[in-house]
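In the numbering used here, the protein residues as written are 11 to 66.
We treat Cβ as the ideally placed atom computed from N, Cα and C, and that holds for glycine.
The structure appears below as structure tokens.
In structure tokens:
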């Protein structure tokens, strides 16, 4: 299984939207770009700005 497919659907918190939880909808392993869904809004960001949120 490729790394990018493991990331799809993961819950993340990103520096671009602190204190908001989004879900990874797309990840480009070539350059680290990713799309994060926040409800109806999609944020284009970079993997270095986000961290996976563990289920509590």
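{"Query": "Which residues does DSSP pair with residue 34 in a beta bridge?", "Result": "46"}
{"Query": "In whole angstroms, what separates the C-alpha of residue 55 from that of residue 64?", "Result": "20 Å"}
{"Query": "Please list, in chain order, all residues of the same chain as residue 36 whose beta carbon is under 7 Å from its beta carbon, the five residues on each side excluded.", "Result": "44, 45"}
{"Query": "Go ahead and pull the three-state DSSP assignment for residue 16.", "Result": "helix"}
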